[in-house]
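*Asks:* After the structure tokens below, expect a handful of questions from me.
2 protein chains.
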Amino acid sequence: MNRVITIGREFGSGGRELGVRLANALDFAYYDKEIITAIVNHTDLAEGFVKEVVEGKSARYFPLNIGQSMNINVDYQIHQMQSIVKAQTETIKEMALKSNCVIVGRCADYILKDLRDEGQIELFRLFIYAEPESRLKRCKERAKEGENLTDKEMEKQIKRINKDRASYYEDYTLQKWGDKSNYDICLNTSFMNIESMIPHLAKLF
Amino acid sequence: MNRVITIGREFGSGGRELGVRLANALDFAYYDKEIITAIVNHTDLAEGFVKEVVEGKSARYFPLNIGQSMNINVDYQIHQMQSIVKAQTETIKEMALKSNCVIVGRCADYILKDLRDEGQIELFRLFIYAEPESRLKRCKERAKEGENLTDKEMEKQIKRINKDRASYYEDYTLQKWGDKSNYDICLNTSFMNIESMIPHLAKLF
Chain E
3 MNRVITIGRE FGSGGRELGV RLANALDFAY YDKEIITAIV NHTDLAEGFV KEVVEGKSAR
63 YFPLNIGQSM NINVDYQIHQ MQSIVKAQTE TIKEMALKSN CVIVGRCADY ILKDLRDEGQ
123 IELFRLFIYA EPESRLKRCK ERAKEGENLT DKEMEKQIKR INKDRASYYE DYTLQKWGDK
183 SNYDICLNTS FMNIESMIPH LAKLF
Chain R
3 MNRVITIGRE FGSGGRELGV RLANALDFAY YDKEIITAIV NHTDLAEGFV KEVVEGKSAR
63 YFPLNIGQSM NINVDYQIHQ MQSIVKAQTE TIKEMALKSN CVIVGRCADY ILKDLRDEGQ
123 IELFRLFIYA EPESRLKRCK ERAKEGENLT DKEMEKQIKR INKDRASYYE DYTLQKWGDK
183 SNYDICLNTS FMNIESMIPH LAKLF
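What follows is the structure, given as structure tokens:
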């Protein structure tokens with residue numbers, strides 16, 4: 003039976019790094035942005051649009067667009083959203099049934115519960131989080147050259163991205179994003195060294 | 003520097019079993035009910051009374067007692083509570099500074115943060131929880147002979163004990179019991195085999 007690790011993560015918590023390292027340590031497939039590409043291939047929608055919806059940005063932009071600058075009508079918008087939800091569900095289930103894998107974000111923990119309950123996969127749902135100071139520190143360390151945000155601006159950006167992730171997750175699953183009852187392990191990376199813990203963490207799955 | 007693992011746990015989640023096994027695997031001291039005895043030795047209060055307060059039962063009984071059957075006056079009651087809080091804080095800090103250890107319950111995660119921030123100990127704060135069905139199953143398995151509660155009665159008992167634990171923690175720390183931001187690792191034992199995961203979990207500390 004395939005073993006599937008899903009990773010929900012706060013922006014700035016190192017969840018992506020943890021996912022990549024875990025997949026490498028276990029020799030599991032790793033899916034993150036690949037999910038966007040797969041959704042695009044399943045639908046007739048543009049990659050940029052799919053990305054905005056799946057990252058939860060649509061909730062911020064659409065109310066402004068409807069009936070105004072972009073003349074999108076509500077029915078069409080709902081149809082597009084449904085296509086994305088359907089493609090995302092199918093894509094993630096396909097990935098889980100194909101091989102052992104780590105899937106980052108995209109409500110995979112919620113989508114795959116059915117397969118676990120039917121005994122088709124072993125599912126481990128992780129949520130990675132960190133204290134605000136730790137998230138800021140991590141984001142500053144990995145900021146691209148020339149990205150000169152002040153601490154205040156960066157804190158605002160982190161909060162906004164996490165709010166987007168929460169919105170998308172909650173709209174899709176009707177569950178609270180980051181609520182520990184939806185996960186098997188929640189890890190606070192504020193006082194942890196991700197690299198050195200991976201070999202031991204990997205043995206839990 | 004001593005390594006200290008604190009374990010907050012929902013009743014029925016296997017947190018105590020996990021704590022005992024972790025302490026054995028790591029050869030750490032293990033403190034659970036010993037904390038009550040130590041508080042009794044630090045104060046002039048009766049063991050039964052200390053136990054009721056530390057387990058959060060006092061919130062249920064005291065309002066009834068005040069000025070009635072037991073003629074306890076409020077000032078005296080507050081003084082007793084303060085004695086317990088002081089003794090509990092001192093006891094748990096002493097234990098943490100004495101040797102590597104696992105401490106179950108008693109707001110140890112909150113009490114020991116100071117020592118961690120001062121660089122006096124390495125602190126790992128665990129919270130162990132489980133889904134309601136899993137908690138019920140575990141409680142039924144470990145029920146003493148002759149303890150013939152119906153499922154409904156047992157569910158009610160589990161809820162009441164968890165409510166007591168939450169009350170005591172929240173009164174003592176002004177933090178929300180079980181809120182993942184107060185812990186380093188939260189483990190949902192619903193789909194886990196505690197015994198087989200211990201050797202790997204132990205390596206994280």
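Sequences listed follow chains E and R, in order. Residue numbers in the first sequence follow my numbering, run continuously in steps of one, and reach 207 at the last position. Residue numbers in the second sequence follow my numbering, run continuously in steps of one, and reach 207 at the last position. No residue lacks a Cβ here, since even glycine has one placed at the ideal position from N, Cα and C.
1) To the nearest whole angstrom, what separates the beta carbons of Gly107 of chain E and Asp34 of chain E, a pair I think is in contact under 8 Å?
2) Could you tell me which chain R residues have their CB closer than 7 Å to the CB of Lys205 of chain E, listed as they occur along the chain?
3) Hey, how far is the Cα of Trp179 of chain E from the Cα of Ile9 of chain E?
4) Hey, is the stretch 12-25 of chain R in contact with the stretch 131-143 of chain R, meaning 3+ C-beta pairs nearer than 8 Å?
5) Apply the 10 Å Cβ neighbour rule to Thr39 of chain E and answer buried if 16 or more other Cβ atoms are within range, or exposed otherwise.
6) In terms of residue numbering, what span does the beta strand (DSSP E) encompassing Asn190 of chain R cover?
7) Helix, strand or coil for Ser71 of chain R per DSSP?
8) Taking the alpha carbon of Leu99 of chain R as the point to measure from, which residue in R:Lys161, R:Ser85, R:Lys115 and R:Gln84 has its own alpha carbon closest?
9) Classify Asn26 of chain E: buried if its beta carbon has 16 or more other beta carbons within 10 angstroms, exposed otherwise.
10) Go ahead and pull the three-state DSSP assignment for Leu125 of chain E.
11) Please report the straight-line C-alpha distance between Lys59 of chain E and Cys109 of chain E, rounded to a whole angstrom.
12) Between Lys182 of chain E and chain R, is there a C-beta pair that is closer than 7 Å?
13) Are the C-beta of Asp186 of chain E and some C-beta of chain R separated by less than 7 Å?
14) Below 8 Å, how does it come out for the stretch 126-135 of chain R and the stretch 179-191 of chain R: are there three or more Cβ pairs, yes or no?
15) Mind reading off the beta-carbon distance from Ile41 of chain E to Gln90 of chain E? Whole number of angstroms is fine, and I expect it under 8 Å.
16) Can you find a CB in chain E that lies within less than 7 Å of the CB of Arg144 of chain R?
17) Enumerated in chain order, which unbroken segments of the alpha helix (DSSP H) with a length of 4 residues or greater are wholly contained in the stretch 128-195 of chain E?
18) Cβ of Asn190 of chain E less than 7 Å from any chain R Cβ?
19) Who are the near neighbours of Arg23 of chain E in its chain, counting only those whose CB is closer than 6 Å to its CB and skipping five residues on each side?
20) Within 10 angstroms of the Cβ of Met3 of chain R, are there 16 or more other Cβ atoms? Answer buried if so, exposed if not.
21) Does DSSP classify Ala31 of chain R as helix, strand or coil?
22) Determine contact between the stretch 187-205 of chain R and the stretch 188-204 of chain E, defined as no fewer than three beta-carbon pairs at a distance below 8 Å.
23) Beta-carbon of Met3 of chain R versus every beta-carbon of chain E: anything under 7 Å?
24) Along the chain, where does the alpha helix (DSSP H) containing Asn43 of chain R start, and where does it finish?
25) To the nearest angstrom, how far is the alpha carbon of Leu117 of chain E from that of Ile37 of chain R?
26) What does the alpha-carbon distance come out to for the pair Thr45 of chain R and Ile163 of chain R?
27) The beta strand (DSSP E) that contains Arg118 of chain E, what's its start and end?
28) Of the choices R:Glu135, R:Glu133 and R:Asp29, whose alpha-carbon is the least far from that of Gly102 of chain R?
29) List the whole-angstrom C-beta distance separating Met209 of chain E from Val55 of chain E, where the pair is believed to meet the contact cut-off of C-beta under 8 Å.
30) Is the separation between the beta-carbon of Val104 of chain E and that of Tyr171 of chain E shorter than 7 Å?
31) Count the other C-beta atoms from every protein chain shown that fall within 10 angstroms of the C-beta of Tyr153 of chain R, then say buried if there are 16 or more, exposed otherwise.
32) What's the gap between the Cα of Asp119 of chain E and the Cα of Gly50 of chain E?
33) Tell whether a beta-carbon distance below 7 Å holds between Phe13 of chain R and Ile113 of chain R.
34) I believe Leu206 of chain R touches His202 of chain E by the beta-carbon criterion, under 8 Å. Please report the beta-carbon distance rounded to the nearest angstrom.
35) Please report the residue range of the alpha helix (DSSP H) in which Glu14 of chain E lies.
36) Is Met199 of chain E close to chain R? Criterion is C-beta to C-beta, closer than 7 Å.
*Replies:* Quick look at the numbers:
1) For the purposes of this step, residue 107 of chain E is taken as residue 105 along the first sequence, with counting starting at 1. For the purposes of this step, residue 34 of chain E is taken as residue 32 along the first sequence, with counting starting at 1. With 8 Å as the limit, Gly107 of chain E and Asp34 of chain E qualify as a contact, their Cβ atoms being about 7 Å apart.
2) Taking the first residue of the first sequence as position 1, residue 205 of chain E is located at position 203. Under the 7 Å cutoff, chain R gives His202.
3) Taking the first sequence and counting its residues from 1, the one referred to as residue 179 of chain E is at position 177. Taking the first sequence and counting its residues from 1, the one referred to as residue 9 of chain E is at position 7. Using only the alpha carbons, I get a separation of about 12 Å.
4) yes
5) Locating residue 39 of chain E in the first sequence gives position 37, where the first residue counts as 1. Its Cβ having fewer than 16 others within 10 Å, Thr39 of chain E is exposed.
6) On the second sequence, position 188 is the one that residue 190 of chain R refers to. Taken as a continuous stretch (DSSP letters only), the beta strand (DSSP E) holding Asn190 of chain R covers Ile187 to Asn190.
7) On the second sequence, residue 71 of chain R is found 69 positions in, with the first residue counted as 1. The predicted model places Ser71 of chain R with a pLDDT of 48, which falls under 50 and marks its position as unreliable, so this point remains unresolved.
8) Within the second sequence, residue 99 of chain R is the residue found at index 97, counting from 1. Ranking the options by Cα distance to Leu99 of chain R, first place goes to R:Lys115.
9) By one-based count along the first sequence, residue 26 of chain E stands at place 24. The Cβ neighbour count for Asn26 of chain E, taken over all protein chains shown within 10 Å, is under 16; the residue is labelled exposed.
10) Locating residue 125 of chain E in the first sequence gives position 123, counting from the first residue. Leu125 of chain E: strand per DSSP, three-state reduction.
11) As a working mapping, residue 59 of chain E is identified with position 57 in the first sequence. As a working mapping, residue 109 of chain E is identified with position 107 in the first sequence. Distance between the alpha carbons of Lys59 of chain E and Cys109 of chain E is about 15 Å.
12) Here residue 182 of chain E refers to the residue found at position 180 when the first sequence is read from its first residue. Closer than 7 Å to some Cβ of chain R, the Cβ of Lys182 of chain E qualifies, so yes.
13) Taking the first sequence and counting its residues from 1, the one referred to as residue 186 of chain E is at position 184. Under the Cβ criterion of 7 Å, Asp186 of chain E is counted among the residues facing chain R.
14) yes
15) For the purposes of this step, residue 41 of chain E is identified with residue 39 of the first sequence, where counting begins at 1. For the purposes of this step, residue 90 of chain E is identified with residue 88 of the first sequence, where counting begins at 1. 6 Å between Cβ atoms; contact.
16) Walking along the second sequence from the start, residue 144 of chain R turns up at place 142. Arg144 of chain R does not count as touching chain E.
17) 134-143 and 153-175
18) Position 188 of the first sequence, counted from the first residue, corresponds to residue 190 of chain E. Yes, its Cβ sits closer than 7 Å to a Cβ of chain R.
19) If you number the first sequence from 1, residue 23 of chain E lands on position 21. Excluding positions up to five away in sequence, the list reads Ile200.
20) The count along the second sequence starts at 1 and reaches residue 3 of chain R at position 1. With a 10 Å radius around the Cβ and a threshold of 16 neighbouring Cβ atoms, Met3 of chain R comes out exposed.
21) For the purposes of this step, residue 31 of chain R is taken as residue 29 along the second sequence, with counting starting at 1. Three-state result, Ala31 of chain R: strand.
22) yes
23) As a first step, residue 3 of chain R is located in the second sequence; it is residue number 1 there, counting from the start. Answer no: the Cβ-Cβ gap between Met3 of chain R and chain E never drops below 7 Å.
24) Residue 43 of chain R sits at position 41 when you count from the first residue of the second sequence. Note, Asn43 of chain R: alpha helix (DSSP H), Glu36 to His44.
25) Translated into positions along the first sequence, residue 117 of chain E becomes position 115. Translated into positions along the second sequence, residue 37 of chain R becomes position 35. Distance between the alpha carbons of Leu117 of chain E and Ile37 of chain R is about 44 Å.
26) Indexing the second sequence from 1 puts residue 45 of chain R at position 43. Indexing the second sequence from 1 puts residue 163 of chain R at position 161. Taking the straight line from one Cα to the other gives about 25 Å.
27) Here residue 118 of chain E refers to the residue found at position 116 of the first sequence. No beta strand (DSSP E) holds Arg118 of chain E; the alpha helix (DSSP H) holding it covers Lys115 to Asp119.
28) If you number the second sequence from 1, residue 102 of chain R lands on position 100. Here the sequence assigns Asn to residue 102 of chain R, which means Gly is not the residue at that position. Among R:Glu135, R:Glu133 and R:Asp29, the Cα nearest to that of Asn102 of chain R is on R:Asp29.
29) Since the first residue of chain E shown is 3 and the last is 207, residue 209 of chain E is not available in this structure.
30) As a first step, residue 104 of chain E is located in the first sequence; it is residue number 102 there, counting from the start. As a first step, residue 171 of chain E is located in the first sequence; it is residue number 169 there, counting from the start. Contact flag unset, no.
31) As a position in the second sequence, residue 153 of chain R is number 151, starting the count at 1. Going by the sequence as given, residue 153 of chain R is Asp instead of Tyr. The residue in question, Asp153 of chain R, is exposed, as its Cβ has fewer than 16 Cβ neighbours within 10 Å.
32) Counting from one through the first sequence, the residue named residue 119 of chain E turns up at place 117. Counting from one through the first sequence, the residue named residue 50 of chain E turns up at place 48. Approximately 34 Å between the Cα atoms of the pair.
33) As a first step, residue 13 of chain R must be located in the second sequence, where it is residue number 11. As a first step, residue 113 of chain R must be located in the second sequence, where it is residue number 111. The beta carbons of Phe13 of chain R and Ile113 of chain R sit no closer together than 7 Å.
34) By one-based count along the second sequence, residue 206 of chain R stands at place 204. By one-based count along the first sequence, residue 202 of chain E stands at place 200. About 5 Å separates the two Cβ atoms, so the contact holds.
35) In the first sequence, residue 14 of chain E corresponds to position 12, counting from 1. Here the sequence assigns Gly to residue 14 of chain E, which means Glu is not the residue at that position. Where Gly14 of chain E is concerned, there is no enclosing alpha helix (DSSP H), given that its DSSP letter is neither H nor E.
36) Position 197 of the first sequence, counting from 1, holds the residue named residue 199 of chain E. Answer yes: the Cβ-Cβ gap between Met199 of chain E and chain R drops below 7 Å somewhere.
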